[in-house]
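**Student:** First the structure, which I've put down as structure tokens, then a few questions once you've had a look.
Residue numbers (full-length UniProt numbering): 1 to 393.
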């Protein structure tokens with residue numbers, strides 16, 4: 001399995017920090033904030049009460065699954081039975097459980113050409129054939145493009161697509177699909193027997209110019225949705241997430257969860273339940289307001305630097321840029337140079353683009369979920385270095 005390159009950059013940055021070097025972290029999608037105060041209080045109360053915090057049912061404690069189901073009703077107007085909700089160890093185990101339950105060795109599963117690298121890494125490790133699909137000029141995979149692929153495969157006698165995996169808001173681009181675009185993809189998938197795996201981990205993090213975030217569950221009972229408490233709820237290290245499975249996959253996912261993981265950490269489940277309560281909402285929305293401010297800091301700095309080939313970052317907390325016209329042809333070397341010379345950590349685009357496309361070599365992802373002062377300082381450092389780079393390019 002290939003490495004998850006952003007984690008390689010994180011390790012390199014940590015090594016430099018241990019040696020006393022200041023690092024500006026624009027590489028990893030880890031919020032600077034802690035878990036919500038209500039979540040921390042709930043765990044402290046459970047520990048103080050002497051609760052042993054032992055195993056739970058594999059699909060999670062009932063109150064948490066019911067709270068997640070209630071969230072879908074309150075936020076999207078969708079009734080989701082708690083029996084279809086499975087609590088997972090972050091979204092990462094959710095992907096693994098879903099792919100194991102839904103796909104067989106040799107199945108063809110589509111992903112956008114530019115997407116989260118762990119999709120293809122996990123699928124390929126499981127013996128699934130990954131089919132990269134082109135997107136439009138805004139990095140969106142549309143229903144028309146999906147239909148074109150379905151028809152082309154049919155005419156060529158290739159095996160039909162069994163699945164489609166994508167995220168909105170997307171990593172690394174921040175691109176968001178409109179509700180109509182999500183509806184179109186769901187309809188195309190349902191019409192062609194394709195399981196739509198919707199990664200909704202960045203729901204809740206979108207900005208004033210963004211379309212409404214729509215869950216695939218609004219448009220299809222056959223869709224499989226994966227989410228996590230890592231991003232919007234700032235609970236990365238708590239390793240807690242969930243998925244909503246179609247009825248026909250629910251039992252298989254539960255049995256896989258029993259055998260592979262037993263259950264998600266109980267303390268994290270208690271924290272997650274508290275994070276879902278309305279009283280936690282103001283704190284969480286405060287984080288989103290900070291991300292929006294940080295986003296503008298990055299966009300303004302890039303504009304001053306003359307970098308305009310930028311993906312429309314309507315959600316999540318990433319800016320994805322193409323530096324090809326400035327002569328950048330090796331994003332890994334470019335990122336390593338920045339880290340070594342000025343301590344600015346970025347993620348090379350080769351982590352996200354399908355291997356062999358040649359696009360990742362000229363693209364870079366910047367993350368802006370840190371403290372605003374740190375983002376400002378990092379962009380100032382980057383701008384000074386960039387001016388020198390242009391002078392020697």
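Here a beta-carbon is modelled for each residue, glycine too, at the ideal position from N, C-alpha and C. In this text, all values refer to a predicted model and were calculated from it rather than measured experimentally.
1) Rank 353, 307, 372, 369 by C-alpha distance to the C-alpha of residue 387 and give the top, closest one.
2) Going by other Cβ atoms of all chains shown within 10 Å of its Cβ, with 16 needed for buried, is residue 140 buried or exposed?
3) Take the Cβ of residue 366 as the centre, count every other Cβ of all protein chains shown within 10 Å, and call the residue buried at 16 or more, exposed below.
4) Could you give the DSSP three-state label for residue 88: helix, strand or coil?
5) Hey, how far is the Cα of residue 137 from the Cα of residue 145?
6) Are the stretch 77–95 and the stretch 332–342 in contact at 8 Å, needing three or more beta carbon pairs?
7) Below 7 Å CB to CB, which residues in the same chain sit around residue 329 once its five sequence neighbours on both sides are set aside?
8) Kindly identify the DSSP beta-bridge partner or partners of residue 25.
9) Could you check the C-alpha separation between residue 353 and residue 1 for me, to the nearest Å?
10) Expressed to the nearest angstrom, what Euclidean distance is found between the alpha-carbon atoms of residue 80 and residue 225?
11) Quickly, what does DSSP pair residue 166 with across the bridge? List them, please.
12) Given residue 162, which residues of its chain have a CB within under 7 Å of its CB, disregarding the five upstream and five downstream residues?
13) Using the DSSP secondary-structure output, state which residues sit across from residue 412 in a beta bridge.
14) Does the beta-carbon distance from residue 241 to residue 228 come in below 7 Å?
15) Hey, how far is the Cα of residue 237 from the Cα of residue 289?
16) Can you find the residues in the same chain that come closer than 8 Å, C-beta to C-beta, to residue 150, ignoring five residues on each side of it along the sequence?
17) Taking residue 301 as the reference, which of 380, 272, 339, 322 has the closest Cα?
18) I need the DSSP call for residue 126, collapsed to helix, strand or coil.
19) Let me check one thing: in DSSP terms, what residues is residue 227 bridge-paired to?
20) Beta-carbon separation of residue 375 and residue 321 under 7 Å?
21) Between the stretch 273–291 and the stretch 34–49, do at least 3 Cβ pairs fall closer than 8 Å?
22) Starting from the C-beta of residue 176, find all residues in its chain whose C-beta is less than 7 Å away, skip the five residues before and the five after it, and write them out in chain order.
23) Using the Cα positions of residue 338 and residue 245, report the straight-line distance between them to the nearest angstrom.
**Tutor:** In terms of the structure at hand:
1) For the purposes of this step, residue 387 is taken as the residue at position 387 of the chain shown. Measuring from the Cα of residue 387, the nearest candidate turns out to be 307.
2) For this step, residue 140 is matched to residue 140 along the chain shown. Burial check for residue 140: the Cβ neighbour count within 10 Å reaches 16 or more, so the residue is buried.
3) For this step, residue 366 is matched to residue 366 along the chain shown. It is buried - the Cβ of residue 366 has at least 16 other Cβ atoms within 10 Å.
4) Locating residue 88 in the chain shown gives position 88, where the first residue counts as 1. In the three-state reduction of the DSSP assignment, residue 88 falls in the strand class.
5) The residue you call residue 137 lines up with position 137 of the chain shown. The residue you call residue 145 lines up with position 145 of the chain shown. Their Cα atoms are separated by approximately 12 Å.
6) no
7) Taking the first residue of the chain shown as position 1, residue 329 is located at position 329. The answer, listed in chain order, is 361, 362.
8) As a position in the chain shown, residue 25 is number 25, starting the count at 1. Beta-bridge pairing links residue 25 to 345.
9) Taking the first residue of the chain shown as position 1, residue 353 is located at position 353. Taking the first residue of the chain shown as position 1, residue 1 is located at position 1. Taking the straight line joining both Cα atoms gives about 16 Å.
10) Counting from one through the chain shown, the residue named residue 80 turns up at place 80. Counting from one through the chain shown, the residue named residue 225 turns up at place 225. Rounded to whole angstroms, residue 80 and residue 225 show a C-alpha spacing of 11 Å.
11) As a position in the chain shown, residue 166 is number 166, starting the count at 1. Its beta-bridge partners are 198.
12) As a first step, residue 162 is located in the chain shown; it is residue number 162 there, counting from the start. Closer than 7 Å at the Cβ level, and outside the excluded window around residue 162, lie 103, 107, 108, 109, 194, 195.
13) Not covered by the structure: residue 412. The range shown for the chain is 1 to 393.
14) Here residue 241 is taken as the residue at index 241 of the chain shown, counted from 1. Here residue 228 is taken as the residue at index 228 of the chain shown, counted from 1. Contact: yes.
15) Stepping through the chain shown from its first residue, residue 237 is reached at position 237. Stepping through the chain shown from its first residue, residue 289 is reached at position 289. Cα to Cα, the separation comes out at about 22 Å.
16) Here residue 150 corresponds to residue number 150 of the chain shown, with the count starting at 1. Here the set comprises 160, 161, 188, 192, 194.
17) The count along the chain shown starts at 1 and reaches residue 301 at position 301. Measuring from the Cα of residue 301, the nearest candidate turns out to be 380.
18) Residue numbering aside, residue 126 sits at position 126 when the chain shown is read from its first letter. Residue 126: coil per DSSP, three-state reduction.
19) For the purposes of this step, residue 227 is taken as residue 227 along the chain shown, with counting starting at 1. In the DSSP output, where bridge partners are listed per residue, residue 227 has 242.
20) As a first step, residue 375 is located in the chain shown; it is residue number 375 there, counting from the start. As a first step, residue 321 is located in the chain shown; it is residue number 321 there, counting from the start. Not closer than 7 Å, so no.
21) yes
22) One-based indexing of the chain shown puts residue 176 at position 176. 168, 169, 206, 210, 211, 213, 314, 315, listed in sequence order.
23) Taking the first residue of the chain shown as position 1, residue 338 is located at position 338. Taking the first residue of the chain shown as position 1, residue 245 is located at position 245. The alpha-carbon atoms of residue 338 and residue 245 are separated by roughly 42 Å.
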